[in-house]
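In this note's numbering, the protein residues as written are 435 to 800. Heads up, the beta-carbon is just placed ideally off N, CA and C, and yes, glycines get one too.
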Ligand code: MRU
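In structure tokens:
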């Protein structure tokens with residue numbers, strides 16, 4: 435994807451150094467600031483405060499964090515300490531554990547002196563794989579987009595040129611990955627292929643990943659979109675203004691249940707009520723066969739009540755400002771994710787193709 439017209443990745447190695455730079459997502463869309471990470475503690479901090487976020491990018495950053503730790507101390511003890519530090523940063527996105535396990539499995543059989551190079555190479559490979567995986571998700575998703583648009587065209591008056599209206603939630607785009615995105619990969623490929631695509635961007639309170647991140651990256655790529663408040667989705671679906679929904683995932687359980695940003699479940703319910711397809715795009719690294727039942731077993735991150743009682747943005751002078759929305763004593767609860775039961779998902783779109791969200795289909799793909 436392009437940032438200010440230049441092709442970039444959200445995490446990039448710094449030439450000749452054992453360090454990376456990340457695009458600080460807490461400052462978007464107002465400022466484009468790249469931050470250097472060179473230690474496990476810095477990588478853990480970037481994930482914890484959400485300078486990087488989105489399941490695949492959390493994994494890619496954690497993998498680099500482990501590589502930084504091994505460059506400082508390649509012992510088994512240091513590996514275990516860094517693994518635990520990074521794993522504790524965020525609980526729901528399973529790509530975090532998947533990436534840490536992948537790097538650890540690569541380095542554990544090696545003598546300590548060989549571990550840092552191997553971990554660095556594995557972290558780089560995780561990033562390269564993410565780019566290829568998401569491009570493949572985009573191709574499979576594009577086929578579904580074409581089918582939905584073709585059905586709309588065939589039921590529209592001949593003189594009309596219908597637009598494909600896509601609803602998404604949170605940010606499952608380029609910014610949540612190394613490149614392309616998951617849910618937004620088919621959007622970009624559809625746009626690039628000349629399909630008339632328009633995206634409804636759900637703001638995604640309380641951290642506003644839709645308003646601040648998805649709208650920003652769609653603008654960078656020139657994709658037509660409109661921001662809506664989270665509560666507008668049901669209304670738009672009811673009015674026939676949405677042709678398909680597509681979201682990303684933080685973890686998909688063995689039974690096909692999908693954990694994703696809070697608010698996803700309500701959109702899936704509304705989509706089902708109005709007969710609109712609800713797609714979930716994910717790399718297979720987001721599939722967690724060790725979690726049997728998503729609704730029952732997926733851990734849901736609890737975040738600060740302050741994110742709910744306050745809003746953060748830039749004031750008229752471009753200075754960062756935080757305002758209180760409630761009385762000073764209002765208490766709030768902040769579940770960061772919810773779980774959409776598999777029965778509400780029309781199809782999962784992975785790098786190996788689309789399939790129903792059933793245990794058998796997932797087992798076959800995974
Ligand atoms: O809390 P976040 O911003 O990390 O949550 C991100 C999401 O819920 C995304 O939809 C998901 O991780 C997929 S990102 C490609």
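Applying the criterion that 16 or more other CB atoms from any shown protein chain within 10 Å of the CB defines a buried residue, is residue i buried or exposed?
i	result
residue 620	buried
residue 685	buried
residue 543	exposed
residue 778	buried
residue 524	buried
residue 659	buried
residue 549	buried
residue 688	buried
residue 723	exposed
residue 448	exposed
residue 665	exposed
residue 752	exposed
residue 541	buried
Determine the direct distance from the alpha carbon of residue j to that of residue i, and round the result to whole angstroms.
i	j	result
residue 661	residue 713	20 Å
residue 468	residue 629	33 Å
residue 481	residue 638	19 Å
residue 456	residue 486	7 Å
residue 453	residue 437	21 Å
residue 721	residue 786	13 Å
residue 560	residue 732	24 Å
residue 589	residue 601	20 Å
residue 545	residue 755	50 Å
residue 435	residue 763	43 Å
residue 671	residue 582	15 Å
What are the boundary residues of the beta strand (DSSP E) that residue i is part of?
i	result
residue 493	No beta strand (DSSP E) holds residue 493; the alpha helix (DSSP H) holding it covers 489-506.
residue 455	454-457
residue 656	Premise fails: residue 656 is in no beta strand (DSSP E) and is neither H nor E.
residue 766	Where residue 766 is concerned, there is no enclosing beta strand (DSSP E), given that its DSSP letter is neither H nor E.
residue 716	From DSSP, residue 716 is part of no beta strand (DSSP E); its letter is neither H nor E.
residue 732	Careful: residue 732 lies outside any beta strand (DSSP E) and carries neither H nor E.
residue 468	468-471
residue 742	Note, residue 742: premise wrong, no beta strand (DSSP E); alpha helix (DSSP H) at 740-743.
Please state whether the Cβ-Cβ distance between residue i and residue j is less than 7 Å.
i	j	result
residue 607	residue 556	no
residue 477	residue 498	yes
residue 710	residue 676	yes
residue 617	residue 681	yes
residue 742	residue 726	no
residue 503	residue 512	yes
residue 800	residue 715	no
residue 701	residue 632	no
residue 644	residue 614	no
residue 690	residue 567	no
residue 579	residue 649	no
residue 768	residue 745	no
residue 529	residue 646	no
residue 535	residue 612	no
Starting from the Cα of residue i, find the closest Cα among the options and give me that residue.
i	options	result
residue 494	750, 474 and 733	474
residue 626	604, 599, 655 and 565	655
residue 697	731, 774 and 706	774
residue 492	527, 515, 466 and 522	527
residue 694	776, 518, 772 and 758	772
residue 705	683, 678 and 690	678
residue 464	683, 770, 747 and 537	747
residue 663	565, 640, 636 and 642	636
residue 667	551, 552, 634 and 640	634
residue 506	554, 488, 540 and 490	554
residue 789	577, 708 and 509	577
residue 490	717, 440, 518 and 673	717
Could you pull the start and end residues of the alpha helix (DSSP H) that residue i belongs to?
i	result
residue 582	546-588
residue 618	618-626
residue 642	Counting along the chain, residue 642 falls outside any alpha helix (DSSP H), and DSSP gives it neither H nor E.
residue 797	793-799
residue 541	529-541
residue 481	474-482
residue 518	510-521
Beta-carbon of residue i versus every beta-carbon of chain C: anything under 7 Å?
i	result
residue 485	The chain inventory of the structure shown lacks chain C, comprising one protein chain alone.
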